[in-house]
Amino acid sequence: MEERTRESMEFDVVIVGGGPSGLAAACRLMQRSPELSVCLVEKGSEIGAHILSGAVLYPRALFELFPDAMEQGAPLNNPVTEDLFYFLPNERNHVKVPYSMVPAQSKNGGNYALSLGNLCRWMGEQAENLAVNVFPGFAASEILFNEDGSVKGIATQDMGVGADGEAKPTFEPGYELHAKYTIFAEGCRGHLGKQLMDKFDLRANAGTQHYAIGLKELWDVDPANHVPGRVMHNIGWPLGRFSAPGAGSFFYHLENNQVALGVIVDLNYKNPYLSPFDELQRMKHHPLYADCLEGGTRVSYGARAIVKGGLQALPKLTVPGALLVGDDAGFLNMLKIKGSHTAMKSGMLAAETVVDALERGEASTDLVEFEGRMRDSWLGKELRQVRNIAPALHRLGTLMGGAYAIVDQKIMRGRMPFTLSDPHPDHESLTEAANATPIRYPKPDGVLSFDKLSSVFLSNTNHEEDQPCHLTLSDPELPIRDNLPRFAEPAQRYCPAGVYEVIQEADGPRFQINAQNCVHCKTCDIKDPAQNITWVVPEGTGGPNYPNM
21 MEERTRESME FDVVIVGGGP SGLAAACRLM QRSPELSVCL VEKGSEIGAH
71 ILSGAVLYPR ALFELFPDAM EQGAPLNNPV TEDLFYFLPN ERNHVKVPYS
121 MVPAQSKNGG NYALSLGNLC RWMGEQAENL AVNVFPGFAA SEILFNEDGS
171 VKGIATQDMG VGADGEAKPT FEPGYELHAK YTIFAEGCRG HLGKQLMDKF
221 DLRANAGTQH YAIGLKELWD VDPANHVPGR VMHNIGWPLG RFSAPGAGSF
271 FYHLENNQVA LGVIVDLNYK NPYLSPFDEL QRMKHHPLYA DCLEGGTRVS
321 YGARAIVKGG LQALPKLTVP GALLVGDDAG FLNMLKIKGS HTAMKSGMLA
371 AETVVDALER GEASTDLVEF EGRMRDSWLG KELRQVRNIA PALHRLGTLM
421 GGAYAIVDQK IMRGRMPFTL SDPHPDHESL TEAANATPIR YPKPDGVLSF
471 DKLSSVFLSN TNHEEDQPCH LTLSDPELPI RDNLPRFAEP AQRYCPAGVY
521 EVIQEADGPR FQINAQNCVH CKTCDIKDPA QNITWVVPEG TGGPNYPNM
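For the sequence shown, the working numbering assigns the number 21 to the initial residue and increments by one for each residue that follows.
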């Protein structure tokens, strides 16, 4: 394709990602130093379009950032009124967990059940009011470097490139956004953050990172079944009871007779026949869910990978000219069953570190003091207190890991004299298909359970079809040659959007990628046993358009 010169723009700070951490960083930068020029780019069609979370918000970081958030109209209209925990031994029964046994950090008094996407939309408005240059629909596709190797900024994706790699009549080159410092807040398994970790070996002294996939649906329900502010967390059926995979489910009563429900599945699961999507569909037939959903209508669906390795899995968070924040770095407190506050706090601390450096006249330096600032803050202390919870669940499974969590938090208060780890990456966990038991999932009934394609339709996912595939294979032959005979090609099942298929043809099976369906969850980039799939950004505005998620 013929090269076209990119235009460039200069800023003091460029932020990649319009989620809670990126928006918090942008707002804090302008609060501390209003004369700064700050640019935030977001690949979604609007702020909030790609945001997916339960979500229960612990508001500490939000109120630090905006003490008057309530008065300014933040969507904190649904305080938690009931906080329930259950163990599901099978598809019919449930056992209520005594509240006294629930670790303090997992309790939700004083929190809010809300749409994280709507909170981000509100934060985006605050950022614009503070004079942040907010650019939705621009996908950051490339890291730019200065001659000395420090990060110079990013380039946005070229638009109007055909699937053959050639420019179409609509071609527009991307922009180069140069900055004294760049903050990467892409979310879990960020495309550019992953490159930084490899180039600068940021994981050299970190433990193995682990992940889960979260799947969520939004329903309108009968007002007679709705209790505003009720939040419910469950472990057990339909996934592990006494062994891995770790898993849990949630059921939140929101505003306007809506409920959010979903399942979280650790990606260290062993059975290649497991389908997180079908586990979610099966779960809704449990009376604890079905009784509330009766007569209701499903209105949205989505999925997203979640980072859960804990404090010991945090990479080095800085390189010359750049910082990593939010889920891009691994800030998530799994015990609290909520992580938006930690993502926001990491962005705020990064912003304060950058402002201090700029006031000293520095640019493109390695702001290693960010890590010390993080560890000395309430964020670092919170993560240290729960550092063993995710590894315990990973190694011991849901019940035994949960029992450990009670001892660790209720008795030892997070002060165990050791730090657990799990050195086995999630992609190495699969049992070969010959040694695994196939799972027969019930056929969707169209009332409580549904198929993948109708679900993807509700995510409002769309991509320009004539563009290079953003799901790249290092070896195009590997899925059929290796993954199919060894693991029954698990991409067909771990993908929650029907992106990957094995098509049987006259001359043999063929691996098909339906990139149009991709909801940007990143699970394929994590779970593929050969690490053959790399997720890269498609054209800006592509992907899901989540309403009220």
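Virtual Cβ for every residue (Gly too), placed ideally from N, Cα, C.
Exercise. When every heavy atom of the ligand SAH is checked, does at least one fall within less than 7 Å of the C-beta of Ala425?
Worked result: This structure lacks the ligand SAH; in fact it carries no ligand of any kind.
Exercise. Going straight from the alpha carbon of Tyr132 to that of Asn97, what length do you get?
Worked result: Locating residue 132 in the sequence shown gives position 112, where the first residue counts as 1. Locating residue 97 in the sequence shown gives position 77, where the first residue counts as 1. Roughly 8 Å between the two C-alpha positions.
Exercise. Whole-angstrom Cβ separation of Leu235 and Gly282, contact assumed at under 8 Å?
Worked result: In the sequence shown, counting from the first residue as 1, residue 235 sits at position 215. In the sequence shown, counting from the first residue as 1, residue 282 sits at position 262. Between Gly282 and Leu235 the Cβ distance is about 5 Å, and since that is below 8 Å, they are a contact.
Exercise. What residue ranges within the region 33-71 form continuous beta strand (DSSP E) runs of no fewer than 3 residues, ordered along the chain?
Worked result: 58-62
Exercise. When we look at the beta-carbon of Pro411 and count the other beta-carbons within 10 Å, is it buried (16 or more) or exposed?
Worked result: Residue numbering aside, residue 411 sits at position 391 when the sequence shown is read from its first letter. Buried: at least 16 other Cβ atoms inside 10 Å.
Exercise. Does the beta-carbon distance from Arg80 to His361 come in below 8 Å?
Worked result: Looking up residue 80 in the sequence shown gives position 60. Looking up residue 361 in the sequence shown gives position 341. Their beta carbons are under 8 Å apart, which means Arg80 touches His361 by this criterion.
Problem set entry | DSSP-derived helix/strand/coil call for Leu493 | As a first step, residue 493 is located in the sequence shown; it is residue number 473 there, counting from the start. Of the three classes helix, strand and coil, the one that applies to Leu493 here is strand, per DSSP.
Exercise. Taking Cβ positions, are Val34 and Ala199 nearer each other than 8 Å?
Worked result: Counting from 1 along the sequence shown, the entry for residue 34 is found at position 14. Counting from 1 along the sequence shown, the entry for residue 199 is found at position 179. In this structure, Ala199 lies closer than 8 Å to Val34 by Cβ.
Problem set entry | Length of the line joining the Cα atoms of Met217 and Glu111 | Translated into positions along the sequence shown, residue 217 becomes position 197. Translated into positions along the sequence shown, residue 111 becomes position 91. Answer to the nearest angstrom: the Cα atoms are 42 Å apart.
Exercise. Can you list, in chain order, the stretches of the beta strand (DSSP E) that have 3 or more residues and sit fully within the region 169-208?
Worked result: As for any beta strand (DSSP E) of minimum length 3 sitting wholly inside the region 169-208, the runs are 171-176, 179-181, 187-192, 196-204, ordered along the chain.
For this session: With distances taken Cα to Cα, identify the nearest neighbour of Asp545 among Pro87, Leu493, Gly93.
Result: Reading the sequence shown from its first residue, position 525 is the one you call residue 545. Comparing Cα positions, the closest option is Leu493.
For this session: Specify the secondary structure class of Gly346 as computed by DSSP and reduced to three states.
Result: Numbered from its first residue, the sequence shown carries residue 346 at position 326. If DSSP states are grouped into helix, strand and coil, Gly346 belongs with the helices.
Exercise. Name the DSSP beta bridge partners of Ala423, please?
Worked result: For this step, residue 423 is matched to residue 403 along the sequence shown. Paired residue(s): none; Ala423 is not in a bridge.
Problem set entry | Val279 in three-state terms, based on DSSP | Start at 1 with the first residue of the sequence shown, and residue 279 comes out as number 259. It is a strand residue.
Problem set entry | Inter-residue CB distance, Gly129 and Val100 (contact presumed, cutoff 8 Å) | For this step, residue 129 is matched to residue 109 along the sequence shown. For this step, residue 100 is matched to residue 80 along the sequence shown. The beta-carbon distance between Gly129 and Val100, rounded to whole angstroms, is 7 Å. This is short enough to meet the 8 Å contact definition.
Exercise. Can you give the Cα-Cα distance for Ala472 and Thr543, rounded to whole angstroms?
Worked result: The count along the sequence shown starts at 1 and reaches residue 472 at position 452. The count along the sequence shown starts at 1 and reaches residue 543 at position 523. Note on identity: in this sequence residue 472 is Lys, with Ala being the wrong assignment. Cα to Cα, the separation comes out at about 15 Å.
Problem set entry | For Gly577, the nearest candidate out of Asp442, Pro248, Ala187 (CA to CA) | Limits of the chain in this structure are 21 at one end and 569 at the other, which puts residue 577 out of reach.
Exercise. Curious, which full-length alpha helix (DSSP H) runs of at least 4 residues does the region 218-304 contain?
Worked result: 296-303
Exercise. The alpha helix (DSSP H) spanning Gln487 covers which residue range?
Worked result: Start at 1 with the first residue of the sequence shown, and residue 487 comes out as number 467. Per DSSP, Gln487 is not a residue of any alpha helix (DSSP H), being assigned neither H nor E.
Exercise. Can you name the start and end residues of the alpha helix (DSSP H) that Arg404 belongs to?
Worked result: As a first step, residue 404 must be located in the sequence shown, where it is residue number 384. From DSSP, the alpha helix (DSSP H) with Arg404 extends over 398-405.
For this session: Using the Cα positions of Trp239 and His305, report the straight-line distance between them to the nearest angstrom.
Result: Residue numbering aside, residue 239 sits at position 219 when the sequence shown is read from its first letter. Residue numbering aside, residue 305 sits at position 285 when the sequence shown is read from its first letter. Distance between the alpha carbons of Trp239 and His305 is about 15 Å.
Problem set entry | Through-space distance from His444 to Asn455, alpha-carbon basis | Reading the sequence shown from its first residue, position 435 is the one you call residue 455. Reading the sequence shown from its first residue, position 424 is the one you call residue 444. The straight-line gap from Cα to Cα measures roughly 20 Å.
For this session: Taking all protein chains shown into account, decide if Pro156 is buried (16 or more other Cβ within 10 angstroms of its Cβ) or exposed.
Result: Position 136 of the sequence shown, counted from the first residue, corresponds to residue 156. Classification of Pro156: buried, given that the 10 Å Cβ count is 16 or more.
For this session: Closer than 6 Å by C-beta to Thr317: which residues in its own chain qualify, once you throw out the five before and the five after it? Chain order, please.
Result: Locating residue 317 in the sequence shown gives position 297, counting from the first residue. Closer than 6 Å at Cβ, skipping near neighbours: Asp240.
For this session: Could you have a look at Arg324 and say whether DSSP puts it in helix, strand or coil?
Result: Along the sequence shown, read from residue 1 onward, the residue named residue 324 stands at position 304. In the structure shown, Arg324 sits in a strand (DSSP, three-state: E or B).
Exercise. So what does DSSP say about Asp465, is it helix, strand or coil?
Worked result: Numbered from its first residue, the sequence shown carries residue 465 at position 445. Residue state, collapsed to three classes: coil.
Problem set entry | C-alpha gap between Lys63 and Val427, whole angstroms | Translated into the one-based positions of the sequence shown, residue 63 becomes position 43. Translated into the one-based positions of the sequence shown, residue 427 becomes position 407. If I take the Cα positions, the gap works out to 42 Å.
Problem set entry | Glu525 to Ile533 span [Cα, whole Å] | Translated into positions along the sequence shown, residue 525 becomes position 505. Translated into positions along the sequence shown, residue 533 becomes position 513. For the pair Glu525 and Ile533, the Cα-to-Cα distance works out to about 15 Å.
For this session: Measure the C-alpha to C-alpha separation of Asp177 and Gly213 and round it to an integer number of angstroms.
Result: Translated into the one-based positions of the sequence shown, residue 177 becomes position 157. Translated into the one-based positions of the sequence shown, residue 213 becomes position 193. It is Gln, not Asp, that sits at residue 177 in the sequence shown. Straight across, the Cα-Cα distance linking Gln177 with Gly213 is about 16 Å.
For this session: Measure the C-alpha to C-alpha separation of Leu337 and Asn225 and round it to an integer number of angstroms.
Result: The sequence position of residue 337 within the sequence shown is 317, counting from 1. The sequence position of residue 225 within the sequence shown is 205, counting from 1. Answer to the nearest angstrom: the Cα atoms are 12 Å apart.
Exercise. Taking Cβ to Cβ, would you say Val539 is nearer than 8 Å to Ser479?
Worked result: Position 519 of the sequence shown, counted from the start, is the residue given in the question as residue 539. Position 459 of the sequence shown, counted from the start, is the residue given in the question as residue 479. Closer than 8 Å, so yes.
For this session: With DSSP collapsed to three states, give me the class of Gln551.
Result: One-based indexing of the sequence shown puts residue 551 at position 531. Residue state, collapsed to three classes: coil.
Exercise. Does DSSP put Leu136 in a helix, in a strand, or in coil?
Worked result: Taking the sequence shown and counting its residues from 1, one reaches residue 136 at position 116. Helix, per DSSP.
Problem set entry | Rounded C-alpha distance that separates Glu391 from Asn277 | Start at 1 with the first residue of the sequence shown, and residue 391 comes out as number 371. Start at 1 with the first residue of the sequence shown, and residue 277 comes out as number 257. C-alpha separation (whole angstroms): 43 Å.
Exercise. Would DSSP call Gly210 helix, strand or coil?
Worked result: On the sequence shown, residue 210 is found 190 positions in, with the first residue counted as 1. Three-state DSSP puts Gly210 in coil, outside helix and strand.
Exercise. Cβ of Val154 within 8 Å of Cβ of Lys358?
Worked result: Here residue 154 refers to the residue found at position 134 of the sequence shown. Here residue 358 refers to the residue found at position 338 of the sequence shown. Cβ distance not < 8 Å, so Val154 and Lys358 don't count as in contact.
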